[in-house]
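One structure is given here, and the rest of the page talks about it.
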Amino acid sequence: MEIWINPACSKCRSAIGLLDAEGAEYTVRRYLEDVPSAAEIRDVLARLGLEPWDITRTQEAAAKELGLAEWPRDAAARDRWIAALAARPKLIQRPIITADDGTAVVARTDEAVRTAISR
């Protein structure tokens, strides 16, 4: 299992704490430093069963600079959203845990972290 984190994020620290408390084996990816490629983002989206706008932090300053609120949320715009996430990883919702069974969760709650652990 791998967890994408921003160490400054309290939700990420909480998820790591729970993983440790449960004795889970995982690797940490500091995604602001080890930026995921567009292909990796596509893979994670498929594992999550979500679209790029579903994992975009739309209140970030970078989102406002890009005018993401006005971007279409449809298949034709999907690659544009993915490119924005790859270019500005701070826009990616966190933490994301990729489970060993090929699924993934946005692990913002203890329940979501436990779901990933159980997979």
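Residue numbers (the numbering used here): 184 to 302. Every residue gets a Cβ at the ideal spot worked out from N, C-alpha and C, and that includes glycine.
Simplified DSSP state of residue 205, which is helix, strand or coil = Three-state result, residue 205: coil.
Beta-carbon separation of residue 281 and residue 218 under 8 Å?
-> no
Nearest to residue 213 by alpha carbon, out of 248, 190, 207 and 204?
-> Looking at the Cα atoms, 190 is the closest of the given residues.
Expressed to the nearest angstrom, what Euclidean distance is found between the alpha-carbon atoms of residue 269 and residue 216?
-> 12 Å
Span of the alpha helix (DSSP H) holding residue 294?
-> Start and end: 293-301.
Which value, in whole angstroms, describes the spacing of the CA atoms of residue 263 and residue 257?
-> 10 Å
Residue 263: first and last residue of the uninterrupted alpha helix (DSSP H) it sits in | 261-270
For residue 185, the first and last residue of its enclosing beta strand (DSSP E) = 185-188
Alpha carbon to alpha carbon, how far is residue 253 from residue 241?
-> 11 Å
Measure the Cβ-Cβ separation of residue 289 and residue 238 and say whether it is below 8 Å.
-> yes
Presumed contact (8 Å Cβ cut-off) between residue 221 and residue 266, rounded CB distance | 6 Å
Within its chain, find whatever has a CB closer than 7 Å to the CB of residue 293; leave out the 5 residues flanking it on each side and keep chain order.
-> 201
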